[in-house]
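Read through the structure below, which is laid out as structure tokens, and then see the notes.
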Amino acid sequence: MKEFDIKTKIYFGEDALDRLRQINYKKVMIITDPYVISSGMIRLVEDKLKAAGIEYTVFSDVVPDPPISKITIGVKALQDVCPEAVIAIGGGSAIDSAKAIKEIYSKGNKLPSLPLIAIPTTSGTGSEVTAFSVISDPEQGKKFPLISDDMIPEEAILDVEFVKSVPADITANTGMDVLTHAIEAYVSKNNNEFSAALAEKSVEICGAFLLRSYLSNNDIHARTKMHVASCLAGLAFNSASLGINHSIAHALGARFHIPHGRANAMLLPHVIEFNSDINKHSKSKKEYLPCVKKYINLAKMLGLYNFNEITTVRALVNWIQFMNKEMEIPTSISQCGIDKDEYMSCLDELADNALKDSCTATNPRVPSKEDIMRILIDLYD
Ligand SMILES: NC(=O)c1ccc[n+]([C@@H]2O[C@H](COP(=O)([O-])OP(=O)(O)OC[C@H]3O[C@@H](n4cnc5c(N)ncnc54)[C@H](O)[C@@H]3O)[C@@H](O)[C@H]2O)c1
Ligand SMILES: [Fe+2]
Numbered sequence: 038m039k040e041f042d043i044k045t046k047i048y049f050g051e052d053a054l055d056r057l058r059q060i061n062y063k064k065v066m067i068i069t070d071p072y073v074i075s076s077g078m079i080r081l082v083e084d085k086l087k088a089a090g091i092e093y094t095v096f097s098d099v100v101p102d103p104p105i106s107k108i109t110i111g112v113k114a115l116q117d118v119c120p121e122a123v124i125a126i127g128g129g130s131a132i133d134s135a136k137a138i139k140e141i142y143s144k145g146n147k148l149p150s151l152p153l154i155a156i157p158t159t160s161g162t163g164s165e166v167t168a169f170s171v172i173s174d175p176e177q178g179k180k181f182p183l184i185s186d187d188m189i190p191e192e193a194i195l196d197v198e199f200v201k202s203v204p205a206d207i208t209a210n211t212g213m214d215v216l217t218h219a220i221e222a223y224v225s226k227n228n229n230e231f232s233a234a235l236a237e238k239s240v241e242i243c244g245a246f247l248l249r250s251y252l253s254n255n256d257i258h259a260r261t262k263m264h265v266a267s268c269l270a271g272l273a274f275n276s277a278s279l280g281i282n283h284s285i286a287h288a289l290g291a292r293f294h295i296p297h298g299r300a301n302a303m304l305l306p307h308v309i310e311f312n313s314d315i316n317k318h319s320k321s322k323k324e325y326l327p328c329v330k331k332y333i334n335l336a337k338m339l340g341l342y343n344f345n346e347i348t349t350v351r352a353l354v355n356w357i358q359f360m361n362k363e364m365e366i367p368t369s370i371s372q373c374g375i376d377k378d379e380y381m382s383c384l385d386e387l388a389d390n391a392l393k394d395s396c397t398a399t400n401p402r403v404p405s406k407e408d409i410m411r412i413l414i415d416l417y418d
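FYI, in the numbering used here the residues of the sequence shown are 38 to 418.
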């Protein structure tokens, strides 16, 4: 038996933030990152809460790739306030922090899970609708996804006001995270008709609007579309899960602090080549792996259909490489300034961590440790 459901109520479009004036809580805690405070974006939320007479406190000690130590500090802050609900405002790091903080707080105090309202300020992770929270353990050099349906936000507010300020490099990284979520969910072993529909729409929007979003933060139409695409991809992978692109990106991000979306973008051409067993030297065959058909569907949607199976998968890979180049995303680890000897000396550990990552189980092609090491080696230059 299969199951598909969407727990999160999604508010989007013009004035979506007005939803905050209608919520039924007397006291809330806002969990956010320092940028939201320094940029003044926090005032957009505070004004709505004040107008509705809702008492609030702010916890803003969130850092990118949230480590366990910051989660512990957040749990203590929540303990001191005892709010009725949590509002998370920020990128994936702030929303993931809020999920982990409120979950540890609720479980530790044997309380029902605290309601969570998520307001993303990047169009990337889809964390506003997922059961995932990615936490880092800097001492062990690992990132691990916590997964619990109790962490899926009750509400998500997609308001373009919050993504107008995202600079080009973060738009590129987070936008390629969206595309990777959609593609990995689409070819995942757990994919189904519902997740596929969501993933297809997300890929279609990325094709039409990611580059436009990158080129100008005044292109409000493109940014509105990418904000929706990010949420659609989140819904898709919340149902279908992901694959080794994310497993390897988690391992690389934890060890070398490459931004999450950037690591995904660099890996995506290599992972499609591995999953489809098609590379630039491939000759045509009678039969292809099942995910080849799926990559071809996506290529067709992007207007990349090209002669036969091999040339079409190659066209998809070429398009991703083109997008990376246009958005000045490095194409290799060496371009990220990471020392070759240092990188090569930890390949074994990186491959072990990627294999153990929970995203690996749903990859369309089962990888061996050698396969992951090969991808990592090819990624160097
Ligand atoms: N929970 C999930 O389902 C899921 C999925 C994918 C990734 N992740 C995790 O999410 C994290 C990455 O999240 P992210 O890519 O959204 O980035 P992020 O939250 O780490 O933010 C990156 C940077 O962008 C800044 N920023 C955020 N919003 C901004 C805005 N509107 N204007 C200007 N700057 C802004 C932040 O202050 C920060 O410096 C990683 O830890 C990753 O592993 C989670
Ligand atoms: Fe991601």
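Where a beta carbon is used, it is the ideal one built from N, C-alpha and C, also for glycine.
Everything numeric in this text was worked out from a predicted model, so none of it was measured.
Taking the alpha-carbon positions, what's the residue i to residue j distance?
{"i": "Ala391", "j": "Asn61", "result": "42 Å"}
{"i": "Asn229", "j": "Phe169", "result": "19 Å"}
{"i": "Phe274", "j": "Leu81", "result": "30 Å"}
{"i": "Leu339", "j": "Arg411", "result": "29 Å"}
{"i": "Gln372", "j": "Met38", "result": "46 Å"}
{"i": "Leu341", "j": "Ile357", "result": "11 Å"}
{"i": "Gly111", "j": "Asp408", "result": "39 Å"}
{"i": "Ala211", "j": "Pro157", "result": "A quick correction: the sequence has Thr, not Ala, at residue 211. Approximately 12 Å between the Cα atoms of the pair."}
{"i": "Ala352", "j": "His307", "result": "13 Å"}
{"i": "Lys63", "j": "Glu121", "result": "7 Å"}
{"i": "His318", "j": "Tyr325", "result": "15 Å"}
{"i": "Val197", "j": "Gly50", "result": "8 Å"}
{"i": "Lys337", "j": "Leu413", "result": "29 Å"}
{"i": "Phe430", "j": "Cys119", "result": "No information on residue 430 is available, as it lies outside the stretch 38 to 418 that the chain covers here."}
{"i": "Ser267", "j": "Arg402", "result": "25 Å"}
{"i": "Ser173", "j": "Ser321", "result": "43 Å"}
{"i": "Ile309", "j": "Val354", "result": "7 Å"}
{"i": "Gly280", "j": "Ala233", "result": "15 Å"}
{"i": "Gly127", "j": "Asn400", "result": "29 Å"}
Relative to the C-alpha of residue i, which residue among the options is closest?
{"i": "Ser302", "options": "Phe344, Gly145, Asp206, Glu324", "result": "Strictly speaking, residue 302 in this sequence is Ala, with Ser absent from that position. Measuring from the Cα of Ala302, the nearest candidate turns out to be Asp206."}
{"i": "Cys383", "options": "Lys39, Gln177, Lys238", "result": "Gln177"}
{"i": "Val171", "options": "Ile79, Leu335, Ala135, Pro157", "result": "Ala135"}
{"i": "Ala277", "options": "Lys139, Tyr223, Ile141, Glu241", "result": "Tyr223"}
{"i": "Ile375", "options": "Asp394, Gly212, Arg292, Leu153", "result": "Arg292"}
{"i": "Lys85", "options": "Cys119, Ile124, Asp102", "result": "Ile124"}
{"i": "Lys323", "options": "Asn345, Asn312, Lys331", "result": "Asn345"}
{"i": "Leu57", "options": "Phe41, Ala88, His258, Val329", "result": "Ala88"}
{"i": "Asp70", "options": "Gly290, Gly129, Phe231, Asp214", "result": "Gly129"}
{"i": "Pro296", "options": "Pro101, Met78, Ile47", "result": "Pro101"}
{"i": "Met66", "options": "Ala259, Tyr48, Pro152, Lys144", "result": "Pro152"}
{"i": "Gly298", "options": "Val265, Asn316, Ala219, Tyr48", "result": "Ala219"}
Apart from the five residues just before and just after residue i, which ones in its own chain have a Cβ nearer than 8 Å to its Cβ?
{"i": "Glu140", "result": "Ser150, Ser170, Leu183, Ser185, Asp187, Met188"}
{"i": "Leu248", "result": "Met360, Glu363, Met364"}
Spell out whether any CB of chain B is found under 8 Å from the CB atom of residue i.
{"i": "Ala302", "result": "Looking at the structure shown, chain B is missing, and only one protein chain is on hand."}
Spatial neighbours of residue i within its chain, please: C-beta separation below 6 Å, excluding the five flanking residues on both sides.
{"i": "Lys262", "result": "Ile242, Phe246"}
{"i": "Ile285", "result": "Leu304, Ala391"}
{"i": "Lys44", "result": "Ile189"}
Given residue i, which residues of its chain have a CB within under 7 Å of its CB, disregarding the five upstream and five downstream residues?
{"i": "Asp418", "result": "Ser369, Ser371"}
{"i": "Ala114", "result": "Phe96"}
{"i": "Gln116", "result": "Tyr142"}
{"i": "Ala131", "result": "Ile68, Thr69, Asp70, Val99, Ala125"}
{"i": "Leu289", "result": "Ile295, Ala300, Leu387"}
Write down every uninterrupted run of the beta strand (DSSP E) in the region 62-113 whose length is 3 residues or greater and which is fully enclosed by it, in chain order. 64-69, 92-96
Entirely within the region 126-212 and at least 3 residues each: give me those beta strand (DSSP E) ranges in chain order. Qualifying beta strand (DSSP E) stretches, in chain order: 153-157, 169-174, 179-184, 192-195.
Just to confirm the assignment: which complete alpha helix (DSSP H) runs, minimum length 4, are found wholly within the region 270-334? 281-293, 297-313
Touch check for the region 92-101 and the region 66-77: three-plus C-beta pairs under 8 Å? yes
Could I get the ranges of all uninterrupted alpha helix (DSSP H) runs contained in the region 366-409, with 4 residues as the minimum, in chain order? With a minimum length of 4 residues, the continuous alpha helix (DSSP H) runs that stay inside the region 366-409 are 377-382, 384-393.
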